[in-house]
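As numbered in our numbering, residues 489 to 757 make up the sequence shown, in order.
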Amino acid sequence: GRDVNRYSVETSVLAVLAGDDGESELFLDSTPFFAESGGQVGDTGTVVTETGRFEVLDTQNVAGELFAHRGRLTGEMLPGQTAIATIEPDRREATRRNHTATHLLHAGLRSVLGDHVRQQGSYVGPERLRFDFSHGAPLTKEETKEILTIVNTDVVLNEHVDTIQTTKLEAETMGAVAFFCDKYGDRVRVVRAGRHSLEFCGGTHVERLGDIGQIQVVSESSIGANTRRLEAVSGLGAHRRSYEMEQALGSVAALLKTSLDDVVPALER
489 GRDVNRYSVE
499 TSVLAVLAGD
509 DGESELFLDS
519 TPFFAESGGQ
529 VGDTGTVVTE
539 TGRFEVLDTQ
549 NVAGELFAHR
559 GRLTGEMLPG
569 QTAIATIEPD
579 RREATRRNHT
589 ATHLLHAGLR
599 SVLGDHVRQQ
609 GSYVGPERLR
619 FDFSHGAPLT
629 KEETKEILTI
639 VNTDVVLNEH
649 VDTIQTTKLE
659 AETMGAVAFF
669 CDKYGDRVRV
679 VRAGRHSLEF
689 CGGTHVERLG
699 DIGQIQVVSE
709 SSIGANTRRL
719 EAVSGLGAHR
729 RSYEMEQALG
739 SVAALLKTSL
749 DDVVPALER
């Protein structure tokens with residue numbers, strides 16, 4: 489089993505399998521580690537027993553409720569030993585912000601561009617998020633501005649993010665948006681993120697929308713017929729991007745011997 493709401497759990501070692509590349513797979517009785525799924529990266533962190541320490545570099549779901557922690561073992565670990573499993577909290581926090589931001593962007597794209605927008609794939613990591621969707625044309629400046637206004641207004645309104653366990657039928661009746669080709673059993677998890685977003689999802693999310701801080705679109709491009717790719721950042725990633733762009737613009741203004749506000753006219757001259 490797993491408890492992804494906690495950052496550290498006391499558990500016991502089931503097995504350690506040595507790999508041929510110096511990396512091993514560790515199996516635990518229960519775990520706080522999120523295994524890669526639905527586009528969200530697996531957690532990293534450490535597992536410690538009296539005789540060994542395991543550096544977790546990735547977590548994968550092998551079968552049912554069986555999770556493989558992949559990484560490097562120092563010392564030794566024995567089946568039955570008590571272990572303290574602890575995830576890397578900053579990485580999880582940043583990933584959570586990006587995952588909820590993905591849901592908000594999906595809802596924003598649908599309300600601005602139309603209901604034909606469907607998720608074709610996604611990647612959610614601590615540094616950034618990527619969202620692929622069906623749409624026939626590049627986003628205009630106006631559309632991008634409108635989408636960003638919608639999602640950042642949701643963030644500022646700071647509503648609770650609710651996770652609802654329900655049946656597939658009930659979720660569809662509620663109007664939940666199902667992501668591409670995910671396999672859903674009869675019991676499903678639905679995430680409501682503010683007033684616009686209601687989706688099937690098994691990932692980890694922020695508790696309140698304000699936790700996201702801010703959402704910025706980094707790029708939008710075509711990746712095939714009728715498919716677009718959006719890359720975005722949130723939280724401290726958005727802060728860093730703003731800061732770096734401001735520094736770059738400041739350097740340009742200095743070269744042109746002008747102020748930030750007059751960069752464009754100075755450049756035109």
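We treat Cβ as the ideally placed atom computed from N, Cα and C, and that holds for glycine.
Residue i to residue j, Cα distance in whole Å?
i, j, result
"Thr562", "Thr628", "53 Å"
"Cys669", "His591", "Bear in mind that a pLDDT of 42 at Cys669, under 50, signals an unreliable position, so the number given afterwards is only what the model happens to contain. Spanning the two alpha carbons is a distance of roughly 17 Å."
"Pro520", "Leu744", "53 Å"
"Thr655", "Thr583", "27 Å"
"Gly510", "Glu581", "29 Å"
"Pro626", "Glu564", "54 Å"
"Pro614", "Arg579", "5 Å"
"Asp650", "Gly738", "42 Å"
"Arg696", "Gly723", "13 Å"
"Arg494", "Asn586", "19 Å"
"Ala666", "Gly596", "16 Å"
"Gly725", "Gly526", "21 Å"
"Leu636", "Leu593", "8 Å"
"Gly507", "Glu658", "44 Å"
"Val644", "Gly701", "8 Å"
"Val751", "Thr574", "49 Å"
"Gly682", "Arg618", "21 Å"
"Asp531", "Glu660", "30 Å"
"Lys633", "Gly540", "52 Å"
"Glu756", "Gly624", "34 Å"
"Val497", "His684", "35 Å"
"Arg558", "Glu576", "14 Å"
"His694", "Ala736", "Here residue 694 is Val; the residue named in the question, His, does not match the sequence. The straight-line gap from Cα to Cα measures roughly 32 Å."
"Asp674", "Leu545", "32 Å"
"Tyr731", "Glu553", "43 Å"
"Cys689", "Glu734", "36 Å"
For residue i, list the residues DSSP reports as bridge partners.
i, result
"Asp546", "Arg558"
"Thr715", "Ser622 and Gly712"
"Arg541", "Val536 and Thr562"
"Ile703", "Ser722"
"Val504", "Leu514"
"Arg584", "Looking at the DSSP assignment, Arg584 forms no beta bridge with any residue, so it has no partner."
"Thr574", "Ser496 and Thr534"
"Phe688", "Val678"
"Leu617", "Val612 and Ala720"
"Gln528", "Ser525 and Val612"
"Thr519", "Arg490"
For my contact list, residue i and residue j are in at a C-beta cut-off of 8 Å; report their separation, rounded to the angstrom.
i, j, result
"Thr534", "Glu543", "6 Å"
"Arg729", "Val706", "7 Å"
"Ala754", "Leu748", "Between Leu748 and Ala754 the Cβ distance is about 10 Å, and since that is not below 8 Å, they are no contact."
"Gln528", "Val639", "Not quite, the Cβ-Cβ distance comes to about 19 Å (not below 8 Å), so this is no contact."
"Gly571", "Thr499", "Correcting the residue type first, residue 571 is Ala in the shown sequence and not Gly. Yes, they are in contact, since the Cβ atoms of Ala571 and Thr499 sit about 5 Å apart, within 8 Å."
"Gln653", "Arg677", "6 Å"
"Arg616", "Ala720", "7 Å"
Cutting at 7 Å between CB atoms, please list the residues of its own chain near residue i, excluding the five before and the five after it.
i, result
"Leu505", "Ser512 and Glu513"
"Asp492", "Strictly speaking, residue 492 in this sequence is Val, with Asp absent from that position. Only Pro520, Phe522 and Thr692 meet the Cβ criterion."
"Ser622", "His604, Val605, Arg606, Gln608, Asn714 and Thr715"
"Arg598", "Val605"
"Ala746", "The sequence shown places Thr at residue 746, rather than the Ala named in the question. Hits under 7 Å: Ala754."
"Pro567", "Val501, Leu502 and Ala503"
Quick one: residues in its chain with C-beta nearer than 6 Å to the C-beta of residue i, no 5 flanking neighbours on either side, listed in chain order?
i, result
"Gly609", "Asp620"
"Gln569", "Val501 and Thr537"
"Phe515", "Leu502 and Ala503"
"Asn646", "Arg696, Leu697 and Gly698"
"Ser709", "Arg717"
"Ile711", "Arg717"
"His648", "Arg696"
Excluding sequence positions up to five away, which residues of its chain have a Cβ less than 8 Å from the Cβ of residue i?
i, result
"Glu631", "Val600 and Leu601"
"Phe555", "Arg490, Phe515, Leu516, Thr519, Phe521, Ala523, Thr547, Gln548 and Asn549"
"Ile703", "Ala589, Leu592, Leu593, Leu636, Val639, Asn640, Val643, Ala720, Val721, Ser722 and Ala726"
"Gly663", "Leu686"
Does the ligand SAH have even one heavy atom less than 7 Å from the beta-carbon of residue i?
i, result
"Val721", "This structure lacks the ligand SAH; in fact it carries no ligand of any kind."
Subject >> Those runs of the alpha helix (DSSP H) which lie wholly inside the stretch 633 to 685 and span at least 4 residues >> reply: 656 to 662
Original post:
What runs of the beta strand (DSSP E), each 3 residues or longer, lie entirely inside the stretch 719 to 746?
Top reply: none
**OP:** Within the stretch 586 to 614, note down every full beta strand (DSSP E) run reaching 3 residues or more, in order along the chain.
**Re:** For the stretch 586 to 614, whole beta strand (DSSP E) runs of length 3 or above, ordered along the chain, are 607 to 612.
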